[in-house]
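Visitor: The structure follows.
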Amino acid sequence: MGKRSLHNATTRESFMWGWILILPTVLGLLVLNIYPMLMTVYQSFCKTGDFGRGNVFIGIKNFQKLYLDSSVGQAVINTLKYTLFQVPFSVVIALVLAVMLNRNIRGRSTYRTIFFLPMVVAPAAIAMVWRWLYNSRFGLINNLFNSDINWISNPKLAVYSIAVIGIWSDIGYNMILFLAGLQEVPKDFYEAADLDGASGIQVFRHITVPMISPTLFFVIVTRMIAAMQVFDLIYMIMEKSNPALAKTQSLVYLFYQSSFVERDLGYGSTIVVLLLAIILLLTVIQMIAQKKWVHYN
Amino acid sequence: MMKKVRTSSGMMHLVLILFSIAMIVPFLWMFLTSFKTITEATQIDPFVFFPEKWNIDAYVNVSKNMNFLVLYKNTILMIALRIVCAVVTASMAGYAFGRLKFRGSEIAFSLVLFQMMIPSQIFIIPQYQMISKMHMTNTIFALVFPGLVSAFGTFLMRQAYKILPKELEEAARLDGLSIGKTFIQIMAPLTKSCVVALSVFTAVFAYKDLMWPMIVNTGKDSLVLASALAKMQGQYSSHFPELMAASLIACIPMIVLYFVFQKQFIQGIATSGGKL
Amino acid sequence: MKKKVCIVGLLLVLMVSFAFASGSSETADKTSGSSKPLSVMIWDSNQEPGIRAIIDDFTAKTGISAEIQVVNWDNYWTLLSAGAQGGSLPDVFWMHSNESQRYMSNKMLLDVTDRIKKSSAIDLKNYPADIIGLYTDGGKNYALPKDIDTIALWYNKTLFDEAGVAYPDETWTWDDVYTAAKKITKPDGSVYGYVNVNTNNQAGWYNLIYDNNGYVISEDKKTSGMDLPQTIEAMKFMEKLINEDLMPPQHVMSESGDDVLFQSGKVAMTTQGSWMLAAFRDNAYTMANCDVAMLPKNAKTKRRSSIYNGLGWAIAANTKRADDSWKLVEYFCSKEGQLKQAQLGVTMSAYTDTSDAWKNSVPQFNLQAYLNMQDDMVIRPYSKNTVKWENAVLESMLKVWTKEITMEAGCKEAAALMNAILAEE
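So the sequences go chain by chain: A, B and C.
Going by the numbering used here, the first residue of the first sequence is number 1, and it counts up by one from there.
Going by the numbering used here, the first residue of the second sequence is number 1001, and it counts up by one from there.
Going by the numbering used here, the first residue of the third sequence is number 2001, and it counts up by one from there.
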């Protein structure tokens, strides 16, 4: 009898405290984000008028247009290509760097600050520099290696070149998170492994990775979601006149063109709904897979 | 045994140095371009690497024309307030989602995840109208508004809390602490490195955010660094040396903040074996 | 530890010194005007100092002060449309032909027809009729013309000298351009005779079309003229330049930009709008090596047209200070204001014959060419959804520029897409 009432009391306490603690966040999200999202979904079923007036409900016509629009299908492929290239590389490189910088080596704080720099460099500067690096006739890379590759204007290559910029900018972010996660790993695990004569790689595989798998999971999921939403890089680096644009533009880029440039909010909203569905699918897959490889205490 | 350590340490430094160079190149470019003339900055063939003369005209003009005092003030206030909001709300929610079992938590958390999947451009117009109706345009509050809560932060803190050992709560329970007290006194202090990481991210994101501050705060006295920099990009051509000079001056607060916070990383809160 | 403190300290000192070095120009804004400043919104920070000067004169005369807000082009229309939806537009702001119809048909702009009639400073006869037309809806005026821009031919004297070709002059036809380009283009690709990326339409190939008596959009704005035989014939000139490699390949033009290629001495000729004066003036290379001439004429029709456009000063329909806002706009567009604007060398003013000062602002360039192009001006093609069909047309043209399809096929495709979009308006 005592045990059950204790359990109920605990459940009630958890319920009360749980909701108190999450209330600010949940309320904030509902007002700031979910409500606009619902409006967007509604707009995807409308032919939108100017300035939010005169929205005419047209059912699934926008979705039919979407289905027939070849540039949307291509954009889905482009976005997936970008994501599947950018995320693994930025995660792995950042993880390796973080492991290196977790030890007490010389110049550690200098390195950490250097890797932080891309995060604060003005986007205008990033665009300038990478456009110069990648310029097919006059750029540094082609002139240094005497090559003639159209890094950002070859339709087959451009999306990957942009992904490289994405990897470059994300390494700092990921590294910071991995460092935070690595701090949590108790030192005696490493000491024990040392005593057992384990090599660096073995330690990495069997201790480090499992111990920081929650952080790893977090980084992979958040980076994947962010990669699927890539926009700024493409917008800044590639002009409308770029022959490779069709094979590089992402879904958010198309959405931006539709909603903000051509002022067709209905169709733009439809693109967003599609993007959301894809991201949702990918995230659900990740959440299910997490049970297989993520170790929580 | 010793030899192995030395070679691997040499390799490691090589890797670190190579990546460092890759990270620094744009910064170097910004720095060099800020001392060039417009002609040198636009020349594509041959690309001008080093300015012929190190002229500081760009810096002089930019300091004269931009009111950095106001810009710094607005940007730093916005960042500081956003950090406070994010850390407080995300820690609370992160703890609840990460450690407590209660009805509705799964649905609520999926809301959090959901928000992250939505492209942020969608929020701009509805949020602008909310601010407009409240007559709060051109205020610091307007700048902080979208960051009052943080889905990303909530997710991050949830992971941070999930990592902590179960035994802590059991011990707190035995000591008669309520859930709230357990949270504040025992659990939260142990997530310091993740809180610092969250602060850094919030700061960087707020600092780089352009569309929102540009739209909601247009008055001269309420601009932030990002908007002031964007304004400098003319419709048909930009004064690149000045733009680079201004961008460099603008990143100084971020680098300072990072330097200061970085010490927390190094000290870290690595739980040593005994404390468990 | 000590080193770190030193570095942090140094950075803080630098930061503070930049902050305190900042202009006292800010305090000048708190002017003597007793009323709150009007809000004036523009998108080009290059024009800000000039407009500031004009406002200061206005304030000295009337005591009404105004504050300028600059929002960059990308975000300008988002902000304006958010403001229009939410009900808080700036008092006075720039309007552009891309969006003017949308704003007028939704009654977002103040009707100034009666004020114009009553005004002694504003007489519509003094402005180009087409520009006034951009900001007229249902017979009523909703904005006043601010400026105009025309197109001209820039050329690189040094490259012409090297190839032994005479400079362009008023006798030139487009065929002369072709001949010159052929002589100047070097086979190794280090120099090209001409440059015109597909997206450079207003200042580029649009002009060819109208020279040949074709059109991009019909007068009633219901059909596309891209598939007219005259249009296709005109565009075949561009096709010739593309196919004979007298222009850099599309990807080079796209990656580097027409103007940058010209400023770096990689191309000998380019057509550019009068708005590019500031960029060419500030670049030492173009100042030393380049000059500008009128656009060539069409050999057959003898026509020498220039696309032109003009911004307008508009007032929000729901502004709380209609009278004051009108006074400011009236001043901007009065002869006095327009003369001042031209003096500052940023743009040609809309008021007839006030642009001499602009022409004289950079004597090294033959800016008279731009003024002469006013003889045959065609308003930039527009409709309610300009951007939408413009993008579609540019996409078709991209395929032509990358040699994927012929110009004829490209024009027909562009026309079909454009007609579909116009049908929805």
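Ideal Cβ placement from N, Cα and C applies to all residues, glycine included.
According to DSSP, simplified to helix, strand and coil, what is residue 2173/C?
Guide: If DSSP states are grouped into helix, strand and coil, residue 2173/C belongs with the strands.
Visitor: Give, in chain order, every residue of the segment 2092–2108 of chain C whose Cβ lies closer than 8 Å to some Cβ of chain B.
Guide: Cβ contacts with chain B come from no residue of the segment 2092–2108 of chain C.
Visitor: Which partner residues of residue 2067/C appear in the DSSP bridge assignment?
Guide: Looking at the DSSP assignment, residue 2067/C forms a beta bridge with 2039/C.
Visitor: Nearest chain B C-beta to residue 1997/C closer than 8 Å, yes or no?
Guide: Residue 1997/C cannot be examined here, being either before or after the span of chain C that is shown, 2001 to 2425.
Visitor: Once you ignore the five residues that flank residue 2321/C on each side, which residues in its own chain have a CB closer than 7 Å to its CB?
Guide: Hits under 7 Å: 2038, 2091.
Visitor: Using a Cβ-Cβ cutoff of less than 8 Å, which residues in the same chain neighbour residue 1071/B once the five nearest sequence positions on both sides are dropped?
Guide: Closer than 8 Å at the Cβ level, and outside the excluded window around residue 1071/B, lie 1223, 1224, 1225, 1228, 1250.
Visitor: Would you mind giving the Cβ-Cβ distance between residue 2370/C and residue 2152/C, rounded to the nearest angstrom? I have them listed as a contact below 8 Å.
Guide: Yes, residue 2370/C and residue 2152/C are in contact; Cβ-Cβ is about 5 Å, under 8 Å.
Visitor: Is there a Cβ from chain B that is less than 8 Å from the Cβ of residue 83/A?
Guide: Chain B contact via Cβ: absent.
Visitor: Beta carbon of residue 250/A, beta carbon of residue 221/A: below 8 Å?
Guide: No; because the gap between Cβ atoms is not below 8 Å, this pair is not in contact.
Visitor: Terminal residues of the continuous beta strand (DSSP E) containing residue 2429/C?
Guide: One cannot answer for residue 2429/C here, as it falls past the ends of chain C, which runs 2001 to 2425.
Visitor: If we ignore side chains and look at the alpha-carbon of each, how far apart do residue 1016/B and residue 146/A end up?
Guide: Spanning the two alpha carbons is a distance of roughly 27 Å.
Visitor: Does any C-beta atom of chain C lie closer than 8 Å to the C-beta of residue 269/A?
Guide: Not an interface residue.
Visitor: Mind the definition here: the segment 2090–2104 of chain C touches the segment 2301–2321 of chain C only if three or more C-beta pairs lie below 8 Å; say whether that holds.
Guide: Touching, yes, given that three or more Cβ pairs across the two stretches are closer than 8 Å.
Visitor: From residue 253/A to residue 232/A, what does the alpha carbon distance come to, in whole angstroms?
Guide: So the two alpha carbons sit approximately 8 Å from each other.
Visitor: Using the rule of at least 16 other Cβ atoms within 10 Å of the residue's Cβ for burial, across every protein chain shown, is residue 2380/C buried or exposed?
Guide: Under this definition residue 2380/C is a buried residue.
Visitor: Applying a beta-carbon distance threshold of less than 7 Å, which residues of chain C neighbour residue 1277/B?
Guide: It is not possible to answer for residue 1277/B, since the shown part of chain B is limited to 1001 through 1276.
Visitor: Please state the DSSP three-state secondary structure of residue 2412/C.
Guide: Looking at residue 2412/C - three-state DSSP - the assignment turns out to be helix.
Visitor: Taking residue 1218/B as the query, report the chain E residues whose CB atoms sit under 9 Å from its CB, ordered along the chain.
Guide: This model lacks chain E altogether, as its protein chains are A, B and C.
Visitor: Measuring CB to CB, does residue 153/A end up less than 8 Å from residue 2404/C?
Guide: Not in contact: residue 153/A and residue 2404/C (Cβ atoms no closer than 8 Å).
Visitor: Helix, strand or coil for residue 252/A, going by three-state DSSP, please let me know.
Guide: If DSSP states are grouped into helix, strand and coil, residue 252/A belongs with the helices.
Visitor: Mapping DSSP to helix, strand and coil, what is residue 1233/B?
Guide: Strand.
Visitor: Which of helix, strand or coil does DSSP assign to residue 270/A?
Guide: It is helical.
Visitor: What three-state label does DSSP hand residue 198/A in the structure shown?
Guide: If DSSP states are grouped into helix, strand and coil, residue 198/A belongs with coil.
Visitor: At a Cβ threshold of 8 Å, is residue 1133/B touching chain C?
Guide: So yes, residue 1133/B belongs to the interface.
Visitor: Name the residues in the segment 88–113 of chain A whose C-beta lies less than 7 Å from a C-beta of chain C; which are they?
Guide: Residues: none.
Visitor: Need the endpoints of the alpha helix (DSSP H) that residue 36/A sits in, please.
Guide: It spans 35–43 - the alpha helix (DSSP H) in which residue 36/A sits, taken as one unbroken run.
Visitor: Quick check on DSSP: helix, strand or coil for residue 2193/C?
Guide: Residue 2193/C: strand per DSSP, three-state reduction.
Visitor: Our contact map puts residue 2148/C next to residue 2348/C with C-beta atoms below 8 Å; I'd like the distance itself, whole angstroms only.
Guide: About 5 Å separates the two Cβ atoms, so the contact holds.
Visitor: Between the C-alpha atoms of residue 260/A and residue 2076/C, what's the straight-line distance to the nearest angstrom?
Guide: For residue 260/A and residue 2076/C, the distance between alpha carbons rounds to 11 Å.
Visitor: Using a Cβ-Cβ cutoff of 9 Å, what residues of the segment 176–190 of chain A are near chain C? List them in chain order.
Guide: Here the close residues number zero.
Visitor: For residue 2042/C, count the other beta carbons within 10 Å of its own beta carbon; 16 or more makes it buried, fewer makes it exposed. Which is it?
Guide: Result: buried.
Visitor: Residue 2221/C versus chain A: which residues are under 7 Å apart at the beta carbon?
Guide: By Cβ distance, chain A contributes nothing, its closest Cβ being about 17 Å from residue 2221/C, past 7 Å.
Visitor: Does residue 2255/C come within less than 8 Å of chain A when only Cβ atoms are used?
Guide: At least one chain A Cβ lies under 8 Å of residue 2255/C.
Visitor: What is the C-beta distance between residue 1128/B and residue 1216/B, in whole angstroms, given that I count them as a contact (C-beta under 8 Å)?
Guide: The pair is a contact, with the Cβ atoms about 6 Å apart (cut-off 8 Å).
Visitor: Return the CA-CA distance between residue 2181/C and residue 2353/C, expressed in angstroms with no decimal places.
Guide: Roughly 34 Å between the two C-alpha positions.
Visitor: Residue 225/A: buried (16+ other C-beta within 10 angstroms of its C-beta) or exposed?
Guide: Classification of residue 225/A: buried, given that the 10 Å Cβ count is 16 or more.
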